[in-house]
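Chemist:
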Amino acid sequence: MAGYGKKYQVIVVGAGHAGCEAALAAARMGCSTLLLTMGLDMVAQMSCNPSIGGLAKGHLVHEVDAMGGEMGLNIDETGIQFRRLNMRKGPAVRAGRAQADRMAYSARMKLVLESTENLDLKQGVVEEIIVKNYRVVGVKTREGLDFLGRSVILTTGTFMRGLIHVGMKNYSGGRAGEPSAEKISNCLRSLGFTVGRLKTGTPARLSSRSIDFSKLERQPGDAIIRPFSFMNDKIERHQVDCYIANTNEKTHDIIRSNIHKSPLYAGVIEGIGPRYCPSIEDKVIRFPDKASHQSFVEPEGIKGAEMYPSGLSTSLPADVQLQYFRSMVGFEQVEIMRPGYAIEYDFVEPRQIKATLEAREISGLFHAGQINGTSGYEEAAGQGLLAGINAALQCREQDPLIIRRDQGYLGVMIDDLITQDTTEPYRMFTSRAEYRLLLREDNADLRLTELGRYVGLVSDERWRRYQEKTGLIEKAYELCRETKITSKDDRLCSLFGLGELKSGVTLEQIIRRPDISIRTISEQIPEMTLLPEKVLEQVEISIKYEGYIARQIEQVERFVGYEKVIIPDDIDYEKVASLSSEVREKLMKYRPTSLGQAGRIQGITPAAVAVLSVYLRKKSREK
Amino acid sequence: MILDKDTIIAPATAVSESGIAVIRISGYRALSFLKSFFRTKNPIENFQSHYLYLGRIVDEDDSDIDEVMVVYMDPPRTYTCEPVVEVHCHGSRQIVRRILQLAYANDIRLANPGEFTYRAYLNGRIDLVQAEAVSRLIQSTSEFSRRSALQQLDGLLSRQLHSYSATIKNLLVQTEAWIDFPEEDLPTENLDRLFSTAENLHVQMSDLMNTYRAGQFVHDGATVVLAGLPNAGKSSLMNALLQQDRSIVSSVPGTTRDLIEQSTQIGGINVRLVDTAGLRSSDEFVEQEGVRRARNVVKIANLVLLMLDGSAPLCDQFRALLADLSAVPVVLVVNKSDLLSEHHDLSFFPGPIVTVSAKLGDGIDVLTDTIASFLLNDYLPSSESPYITERRHYEALTGSVSSIKNFLNNLGSVDLDLLSIDLRSALDSLGRVTGSITTEDVLDDIFSSFCIGK
Ligand SMILES: Nc1nc2c(ncn2[C@@H]2O[C@H](COP(=O)(O)OP(=O)(O)OP(=O)(O)O)[C@@H](O)[C@H]2O)c(=O)[nH]1
Ligand SMILES: [Mg+2]
Numbered sequence: 009m010a011g012y013g014k015k016y017q018v019i020v021v022g023a024g025h026a027g028c029e030a031a032l033a034a035a036r037m038g039c040s041t042l043l044l045t046m047g048l049d050m051v052a053q054m055s056c057n058p059s060i061g062g063l064a065k066g067h068l069v070h071e072v073d074a075m076g077g078e079m080g081l082n083i084d085e086t087g088i089q090f091r092r093l094n095m096r097k098g099p100a101v102r103a104g105r106a107q108a109d110r111m112a113y114s115a116r117m118k119l120v121l122e123s124t125e126n127l128d129l130k131q132g133v134v135e136e137i138i139v140k141n142y143r144v145v146g147v148k149t150r151e152g153l154d155f156l157g158r159s160v161i162l163t164t165g166t167f168m169r170g171l172i173h174v175g176m177k178n179y180s181g182g183r184a185g186e187p188s189a190e191k192i193s194n195c196l197r198s199l200g201f202t203v204g205r206l207k208t209g210t211p212a213r214l215s216s217r218s219i220d221f222s223k224l225e226r227q228p229g230d231a232i233i234r235p236f237s238f239m240n241d242k243i244e245r246h247q248v249d250c251y252i253a254n255t256n257e258k259t260h261d262i263i264r265s266n267i268h269k270s271p272l273y274a275g276v277i278e279g280i281g282p283r284y285c286p287s288i289e290d291k292v293i294r295f296p297d298k299a300s301h302q303s304f305v306e307p308e309g310i311k312g313a314e315m316y317p318s319g320l321s322t323s324l325p326a327d328v329q330l331q332y333f334r335s336m337v338g339f340e341q342v343e344i345m346r347p348g349y350a351i352e353y354d355f356v357e358p359r360q361i362k363a364t365l366e367a368r369e370i371s372g373l374f375h376a377g378q379i380n381g382t383s384g385y386e387e388a389a390g391q392g393l394l395a396g397i398n399a400a401l402q403c404r405e406q407d408p409l410i411i412r413r414d415q416g417y418l419g420v421m422i423d424d425l426i427t428q429d430t431t432e433p434y435r436m437f438t439s440r441a442e443y444r445l446l447l448r449e450d451n452a453d454l455r456l457t458e459l460g461r462y463v464g465l466v467s468d469e470r471w472r473r474y475q476e477k478t479g480l481i482e483k484a485y486e487l488c489r490e491t492k493i494t495s496k497d498d499r500l501c502s503l504f505g506l507g508e509l510k511s512g513v514t515l516e517q518i519i520r521r522p523d524i525s526i527r528t529i530s531e532q533i534p535e536m537t538l539l540p541e542k543v544l545e546q547v548e549i550s551i552k553y554e555g556y557i558a559r560q561i562e563q564v565e566r567f568v569g570y571e572k573v574i575i576p577d578d579i580d581y582e583k584v585a586s587l588s589s590e591v592r593e594k595l596m597k598y599r600p601t602s603l604g605q606a607g608r609i610q611g612i613t614p615a616a617v618a619v620l621s622v623y624l625r626k627k628s629r630e631k
Numbered sequence: 015m016i017l018d019k020d021t022i023i024a025p026a027t028a029v030s031e032s033g034i035a036v037i038r039i040s041g042y043r044a045l046s047f048l049k050s051f052f053r054t055k056n057p058i059e060n061f062q063s064h065y066l067y068l069g070r071i072v073d074e075d076d077s078d079i080d081e082v083m084v085v086y087m088d089p090p091r092t093y094t095c096e097p098v099v100e101v102h103c104h105g106s107r108q109i110v111r112r113i114l115q116l117a118y119a120n121d122i123r124l125a126n127p128g129e130f131t132y133r134a135y136l137n138g139r140i141d142l143v144q145a146e147a148v149s150r151l152i153q154s155t156s157e158f159s160r161r162s163a164l165q166q167l168d169g170l171l172s173r174q175l176h177s178y179s180a181t182i183k184n185l186l187v188q189t190e191a192w193i194d195f196p197e198e199d200l201p202t203e204n205l206d207r208l209f210s211t212a213e214n215l216h217v218q219m220s221d222l223m224n225t226y227r228a229g230q231f232v233h234d235g236a237t238v239v240l241a242g243l244p245n246a247g248k249s250s251l252m253n254a255l256l257q258q259d260r261s262i263v264s265s266v267p268g269t270t271r272d273l274i275e276q277s278t279q280i281g282g283i284n285v286r287l288v289d290t291a292g293l294r295s296s297d298e299f300v301e302q303e304g305v306r307r308a309r310n311v312v313k314i315a316n317l318v319l320l321m322l323d324g325s326a327p328l329c330d331q332f333r334a335l336l337a338d339l340s341a342v343p344v345v346l347v348v349n350k351s352d353l354l355s356e357h358h359d360l361s362f363f364p365g366p367i368v369t370v371s372a373k374l375g376d377g378i379d380v381l382t383d384t385i386a387s388f389l390l391n392d393y394l395p396s397s398e399s400p401y402i403t404e405r406r407h408y409e410a411l412t413g414s415v416s417s418i419k420n421f422l423n424n425l426g427s428v429d430l431d432l433l434s435i436d437l438r439s440a441l442d443s444l445g446r447v448t449g450s451i452t453t454e455d456v457l458d459d460i461f462s463s464f465c466i467g468k
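Residue numbers (the working numbering), protein chains in the order written: chain A, 9 to 631; chain B, 15 to 468.
Here it is in structure tokens:
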């Protein structure tokens, strides 16, 4: 085979949401980086719903952004409808969500890749990972080229041995209209990896010209757009509407009477699908009492006609799809532009990677995105970013970066991946974060910008803005603690509903009251009026939720204590007496790096953790 | 802590001269013990797990010890999840001792109290609640304790605690679903329903929590102190309660000097009865010291029987004494009912009052009932309702109950997100005894109860 000549430091395979972030991170950190993709026109594709964010996913986007990733900027630039969810359920569970112009999203990302220094974007199908002495040295492509590099990041999405199902018909493909990657996963198998199979699905795309929108409920975007990226203060843009459609009993009858044509029910599909994203046939069968299922009908772009009907993914044959769509109000004349389908693909069980996303057994090989059994663009982007960072750190011979569970959803996700069995594609939920109140969208910048700066991903401009913000927050706190309202200010007293005051109260005390917002106060206090909204927001949340936040911080301290008890990599569990064989097996399988992590592995009892802790203590005393 | 791989042996039943005794062996030497000392028709290699085989146990010299039945149990389907052998022999102390000694001589050691259970627990066979109950059984002395321990063992308490935890989990599932899936058509937020479920739960859990004092006395026993002015009849009552002549009685005030203690059972509870010196100021050193000791022991009493000589008028010293005792639970015992001439207005005393004649034994049974019902907190355990004897269980419940209280107080005034923190901590507190409920468990329930999916 022909060598390519140029030697890279980081090679990224696949230019999806994980691959793009990985390549950008590595290149921006100064590593010569190659991004290989099967199709140059298919960069950062949204294979499923044309939207970014939502609960927990919006949090991830903010974190990626805070560390200097691209996703937030990209969606801010190409979003066509923005909404914030859960505004009345608490500060930590508010989340942004945006509809993207799918083509624009991809085009902008490609442009960014093309204009990033140190980064080569090339088309090529990788067929083999070249490994020497348990160390990755490069990749071989179908075109006959060997690309050499110090590290390789695999972000293969649904492409590894992808198999598309439409009814009983199935064919190989990585995504509708694109070929699959047939050889990589076999190469991984021969390298000793355990490879599993998962399934996911997507609904049909409908032509907007054939939908009677007057019969559907309209759902507009927010009047004021809150950007995802810390770098953007506001977005002023014309927004498009989404719509809400509903299935009905007739739809369900059609599905039920055709259920035998579903490969899922006929047992043709072996991969495991996500519980949180069941196909419409699943919903109808599993919840027979539900008379109707809701679908958000989302435009895929400003200009095109394609509409994405959420919640209606399916593997039923195309003619049945058309039949049931047409039973729905507003869809009587609907035309399907692309049929929905289910797809099975290979993934590599993530217990085989470390918290750095590097493979345990092959150094320099990193996995990010769906190859780790996750789903979702945001989950992929987060892993891509961290894999890119850690690959680059390795090239620079620096310590790896691991984000803890109390620092970000990024940390929660990766810790979950390496300590839990993959029983379905992993999606982030806010309930997965035990320190949820601390991991908010609004403070992602405060949590992670410094880490991003430390690894070298945070630009000077971002750093300047960050320092300005933290400075203002400090100042605002001081103001709130020191400004007192006394009974002399009777106008303010009555405005803030303070009643009779014996002694003065500070602004902080007033903000603590549940019925009063910091906005009401800042309007009246000249020094505060000038403070930016986002600064006031931080101060308000910290003051109003002080008690709860303090409690979580206390828990974090305890948690970090367990995280700090390191389990040496060469521990011999056979020597730890009193562990049941089942526990011992689990520990050997997952090889936790800390006592805390051991405790999170399913089936590891508190007693086992106690035994382990006694053993480790004994060991360390012997030294 | 047991941190080794020893094979252990112990009688599994009380050895009584009648009937059958069961000896249990656990560990990897269990089977080789059988191979060496059990003689039977089938070769031991062909034994099936969990089947009874008839044969003889012989000693080192191949002479018979007893005709026995043995059962060999393959792990992990055994009590300890280790290889287990049970030998059913005749219930003679002599035979049991010889079998045990045979084992000791062959690298099998006597199990520590509760060690089988501890192993079962370490190997994940039983939960902590059950494990502790078993160890209680080993230690329990009074009849009441045994009943309490047995009740937990068969999982009554365990079941109850698990059902609380399931209810809290449900509340959490509901709130987490509303939080994480705002765009799904879930049932609308119904805080009233959450409230009434939580309120109901709060009542039930508090009730169970309140059984702790009773439970504690059942297990640990209680200290009951007799106190009063000199000559009130304390020593006479002590003897009457013990039905034995334990304390010196005389008509001279200041007879009792030191603390006199004796254990007895009252209402099935182990009670340490303490007779004390009559409380008065005295110049005499020994009596002074007696009074000091009396005052000290009163402070640690679970219950004080304050005696009043009913034949004498109420005096200021007595009122002062009563005031001193305001911090401890007191039963007022009016003695010498056979003489009772004075009519005392005792309505100022809020607690139980019992009139007795220590000398004649009148009213003693009313008094023991009063003591018992105080110690049992008016809680008479029926076989259906569990109660708490473990401090750890009590603390877990207390933690959980207070989180639920917070949840109830906060519902409606704070955000869902924060409510879930209260629920989570209620669940985690209980989880310390029932085993923890993970996020995965909660998500499982969300997906099986609600139709979610974009
Ligand atoms: N008639 C009558 N005499 C009683 C009764 N109980 C005790 N006495 C008498 O009261 C006197 C004092 O009894 P004790 O039991 O020694 O009194 P005490 O409270 O222990 O006295 P000190 O130890 O001196 O504090 C004795 O002469 C008893 O016989 C009773 O119920 N009826
Ligand atoms: Mg006496």
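For each residue, glycine too, the CB sits at the ideal point set by N, CA and C.
According to DSSP, what are the bridge partners of A:I172?
Modeler: DSSP, once it has assigned bridges, lists A:Y179, A:I351 as partnering A:I172.
Chemist: Taking the beta carbon of B:L411 as the centre, do at least 16 other beta carbons fall within 10 Å, making it buried, or is it exposed?
Modeler: Buried: at least 16 other Cβ atoms inside 10 Å.
Chemist: By the 9 Å beta-carbon criterion, what residues does the region 293-304 of chain A contribute toward chain B?
Modeler: Answer set for the region 293-304 of chain A: R294, F295, K298, S300, H301, Q302, S303, F304.
Chemist: Do you know whose CA, among A:E136, A:C488, A:A35, A:V466, lies nearest A:I533's CA?
Modeler: Ranking A:E136, A:C488, A:A35, A:V466 by Cα distance to A:I533 puts A:C488 first.
Chemist: Which of the three DSSP states, helix, strand or coil, is assigned to A:L214?
Modeler: Correct three-state label for A:L214: strand.
Chemist: Step through the CB atoms of chain A and report whether any lies within less than 9 Å of the CB of B:F461.
Modeler: For B:F461, the answer is yes, since a Cβ of chain A falls inside 9 Å of its Cβ.
Chemist: Taking the alpha carbon of A:F221 as the point to measure from, which residue in A:F339, A:R346, A:Y332, A:G555 has its own alpha carbon closest?
Modeler: The shortest C-alpha separation from A:F221 is found at A:F339.
Chemist: In whole angstroms, what separates the C-alpha of A:N256 from that of A:K223?
Modeler: Distance between the alpha carbons of A:N256 and A:K223 is about 14 Å.
Chemist: Identify, in the order they occur along the chain, each residue of the same chain with its Cβ nearer than 6 Å to the Cβ of A:M596, setting aside the five sequence neighbours on each side.
Modeler: Taken in chain order, the residues that qualify are Y581.
Chemist: Taking Cβ-Cβ distances shorter than 7 Å, what residues in chain C pair up with B:T453?
Modeler: Among the protein chains of the structure shown, namely A and B, there is no chain C.
Chemist: In whole angstroms, give me the CA-to-CA distance for A:L620 and A:L603.
Modeler: Going from the Cα of A:L620 to the Cα of A:L603 covers about 8 Å.
Chemist: Can a CB atom of chain A be found closer than 9 Å to the CB of B:N137?
Modeler: Chain A contact via Cβ: present.
Chemist: With a Cβ-Cβ cutoff of 9 Å, do A:S218 and A:P307 count as a contact?
Modeler: No, the Cβ-Cβ distance between A:S218 and A:P307 is not below 9 Å.
Chemist: Mind reading off the beta-carbon distance from A:T163 to A:V20? Whole number of angstroms is fine, and I expect it under 8 Å.
Modeler: About 6 Å separates the two Cβ atoms, so the contact holds.
Chemist: Whose CA, out of A:H173, A:E71, A:G607, A:Y16, lies closest to the CA of B:T452?
Modeler: Checking every option, the nearest Cα to that of B:T452 belongs to A:G607.
Chemist: In whole angstroms, what is the alpha-carbon distance linking A:T45 and A:R472?
Modeler: Each residue's alpha carbon lies about 35 Å from the other.
Chemist: Could you check whether the region 125-139 of chain A touches the region 195-210 of chain A, counting it as contact only if at least three pairs of C-beta atoms, one from each stretch, sit closer than 8 Å?
Modeler: Enough Cβ pairs lie closer than 8 Å, so yes.
Chemist: Does the separation of the CB atoms of A:D523 and A:G507 fall below 9 Å?
Modeler: No.
Chemist: Please work out which residues of its chain come closer than 7 Å, Cβ to Cβ, to B:G426, disregarding the five sequence neighbours upstream and downstream, and give them in chain order.
Modeler: Cβ neighbours of B:G426 beyond the five flanking positions: L205.
Chemist: Less than 8 Å between the CB atoms is what I'm expecting for A:L42 and A:Y16, so what's the real figure, rounded?
Modeler: Indeed they touch by this definition, with Cβ atoms about 5 Å apart.
Chemist: On the CB-based measure, 16 or more other CB atoms within 10 Å of its CB, does A:G62 come out buried or exposed?
Modeler: Buried, since its Cβ has 16 or more Cβ neighbours within 10 Å.
Chemist: Check the Cβ-Cβ distances between B:L437 and every residue of chain A, and say whether any is below 9 Å.
Modeler: So no, B:L437 is outside the interface.
Chemist: Are A:Y349 and A:I288 close, meaning C-beta to C-beta below 9 Å?
Modeler: Not in contact: A:Y349 and A:I288 (Cβ atoms no closer than 9 Å).
Chemist: Which residues in the same chain have their Cβ closer than 7 Å to the Cβ of B:F158, if we skip the five residues on either side of it in sequence?
Modeler: Any reading at B:F158 must be qualified, since the residue scores a pLDDT of 48, below 50, and its modelled position is unreliable; the value itself is stated next. Correct list, in chain order: V232, G282, I283.
Chemist: Would you call the region 248-261 of chain B in contact with the region 365-374 of chain B, where contact means no fewer than 3 C-beta pairs closer than 8 Å?
Modeler: At 8 Å Cβ cutoff, the stretches touch.
Chemist: Using a threshold of 9 Å, state whether the C-beta atoms of A:V51 and A:L121 are closer than that.
Modeler: In contact: A:V51 and A:L121 (Cβ atoms closer than 9 Å).
Chemist: Let me see if you follow: with CB-CB separation under 9 Å, is A:P99 close to chain B or not?
Modeler: At least one chain B Cβ lies under 9 Å of A:P99.
Chemist: On the three-state DSSP scale, how would you describe B:S154?
Modeler: For B:S154, the predicted structure reports a pLDDT of 40, less than 50, and the residue's modelled location is therefore unreliable. A value from the coordinates is still provided. B:S154 falls in the coil class under three-state DSSP.
Chemist: Can you list, in chain order, the residues of its chain with a C-beta nearer than 8 Å to that of A:G209? Leave out the 5 residues immediately preceding and following it.
Modeler: Closer than 8 Å at Cβ, skipping near neighbours: G281, C285, S287, S321, T322, S323, G348, Y349, A350, I351.
Chemist: For B:S427, which residues in chain A fall below 9 Å Cβ to Cβ?
Modeler: By Cβ distance, chain A contributes P522.
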